[in-house]
Structures are given as C-alpha cells and as structure tokens.
Amino acid sequence: EAAVTQSPRSKVAVTGGKVTLSCHQTNNHDYMYWYRQDTGHGLRLIHYSYVADSTEKGDIPDGYKASRPSQENFSLILELASLSQTAVYFCASSDATGKNTQYFGPGTRLLVL
Amino acid sequence: AQKVTQTQTSISVMEKTTVTMDCVYETQDSSYFLFWYKQTASGEIVFLIRQDSYKKENATVGHYSLNFQKPKSSIGLIITATQIEDSAVYFCAMRNTGGADRLTFGKGTQLIIQP
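Chains as they are written, first to last, in our numbering: chain A, 1 to 113; chain U, 114 to 228.
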C-alpha cells in the first residue's frame with residue numbers, strides 16, 4: 001500500500017546539535033513537503049520539492065535545510081537545533097496533477113533541550 | 114496572499130447528529146482547490162474531501178459533504194450522522210497557485226462527539 005513514512009518517530013536533541021529527519025514515500029509522487037505543527041498554529045510549510053536534487057523554501061525556512069536525493073526520499077536538516085524548533089514535523093507527498101491532494105506521514109515529535 | 118480562516122476553535126455535538134464546520138478563504142485566483150483534512154488523536158493526518166472551484170456541485174464523500182459558497186469565499190464541511198470516531202481536529206486548506214503547488218492551512222477546529 002502506498003504510504004509516507006518518517007523516521008525517527010520521536011527524538012530528543014540538544015541545543016546546538018544537528019538533527020536530521022527523514023521521509024520516504026512509496027506513492028510515486030513527484031512533490032514532497034515538510035511542515036511543522038505547533039499548538040495554535042496549524043501546519044506551516046518549511047520546505048518542499050518538485051523533483052529530486054531540488055528544493056524550495058516554504059513559509060518558515062529559517063533554521064532548516066532540506067535535501068531530496070531521490071524521488072522517494074526527502075530529509076529535513078536542523079544544523080544547529082534551537083529550543084524554538086521543538087514541534088511535531090510532518091512530511092507529505094502529492095502528485096503533479098495540479099490538484100495537490102497531499103498525503104501525510106505519521107509525524108516526528110522533536111524535543112530540543 | 115492566500116489566507117484560510119477557521120474561526121471555530123472547538124465544537125461539541127451529540128453522537129448521530131449533523132455538524133457543520135466553517136472555513137473562509139482569501140485568494141486572488143479565479144481557479145483554486147479547497148481541501149479538508151482530519152487529524153486524529155494519534156496525530157495522523159488524513160485527507161477527507163476536495164472541492165474544485167470551477168465545479169458548481171458540492172463534493173460528497175461518504176458522510177462528509179461540502180457547502181461551497183464561492184461568492185462568500187466559504188467552504189463548510191458537513192458531517193452527517195456523526196460517530197464517536199469523528200472526534201478529531203479538522204483542517205481546511207487551499208492550494209496556492211502562482212507557480213507553486215502548495216497548501217495553506219487554517220488553524221483547525223476541534224470536534225468533540227459526545228455519546
């Protein structure tokens with residue numbers, strides 16, 4: 001069954017450390033996205049990608065980098081984690097038809113101490 | 114700029130009744146797509162239903178339907194015969210255009226179904 005998976009599902013990181021969140025999809029979708037969710041803010045777009053080896057900045061890209069080494073994989077990188085980056089992170093994928101129905105992974109709960 | 118607003122933060126209804134959740138949006142585009150997603154207590158986010166702006170008919174999937182009022186920039190989600198498992202947070206979203214296939218989300222409405 002087509003799916004979006006994320007790893008790890010939860011992580012505790014130290015301030016100033018490097019964190020990598022991984023996403024893998026078997027939907028054969030071209031587009032992939034990273035969102036963060038904070039209480040009271042809904043979902044906010046961090047980075048997205050239309051094709052392998054290319055990424056785009058979303059609405060809140062500061063402090064984050066993204067990498068899309070293949071169609072199936074999309075990573076979110078926090079080079080210097082900060083307390084304010086404590087949140088739940090969701091990956092999603094969609095096809096390129098233009099209607100943009102997105103399918104989400106289970107989320108990664110990140111706690112930065 | 115695109116904007117999606119859900120003014121109801123929480124709604125509580127009795128099981129087996131009908132509930133409507135409101136959503137208004139702002140866009141400069143003549144053609145766009147509107148979505149509703151459900152986030153369960155476990156955190157899972159599930160796509161429910163989509164409305165294409167060029168379609169006059171309201172979309173319906175199972176016991177979910179939409180009340181699309183284009184002149185009012187409104188897209189309400191209607192759930193009929195609610196069940197306990199419908200308790201969740203519901204997000205309205207709109208597809209950005211202008212060259213980017215992105216969604217803008219509202220902040221969500223928490224729905225509580227009481228037995």
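For glycine and all other residues, C-beta sits at the position ideal for the given N, C-alpha and C. Here the structure is a predicted model, which is why all the values come from computation and not from measurement.
- Per DSSP, the unbroken beta strand (DSSP E) holding U/D165 starts and ends at I158 to D165.
- Under the three-state reduction of DSSP output, A/Q85 falls in the helix class.
- In the DSSP assignment, U/E139 is bridged to U/K116.
- A/E79 and A/K57 have their C-alpha atoms spaced approximately 16 Å apart.
- U/E128 carries a coil assignment under DSSP once its states are collapsed to helix, strand and coil.
- In the three-state reduction of the DSSP assignment, A/D38 falls in the strand class.
- Unbroken beta strand (DSSP E) stretches of 3 residues or longer found wholly inside the region 50–108 of chain A: 54–57, 65–67, 73–78 and 87–94, given in chain order.
- Cα atoms of U/A172 and A/H41: separation of roughly 27 Å, rounded to the nearest angstrom.
- Residues of chain U whose Cβ lies closer than 8 Å to the Cβ of A/H41 are, in chain order, K220.
- The Cβ-Cβ distance between A/V4 and A/Y89 does not fall below 9 Å.
- Excluding residues up to 5 positions away in sequence, E128 and I226 lie with their Cβ nearer than 7 Å to the Cβ of U/Q196 in the same chain.
- If you draw a straight line from the Cα of U/Y203 to the Cα of U/Q223, it comes to about 6 Å.
- Within 10 angstroms of the beta-carbon of U/Y138 lie 16 or more other beta-carbons, which makes it buried.
- For U/S166, same chain residues with a beta-carbon under 6 Å away, outside a window of 5 residues either side, are S144 and Y145 in chain order.
- Residues of chain U with a Cβ closer than 7 Å to the Cβ of A/Q6 do not exist; the shortest Cβ-Cβ separation is about 11 Å.
- Bridge partners of U/N180 according to DSSP: U/G189.
- In summary, the residues of the region 138–149 of chain U whose CB is separated from some CB of chain A by less than 8 Å are F146 and F148, in the order they occur in the chain.
- Classified as buried, U/V117 has 16 or more neighbouring CB atoms from the shown chains inside 10 Å of its CB.
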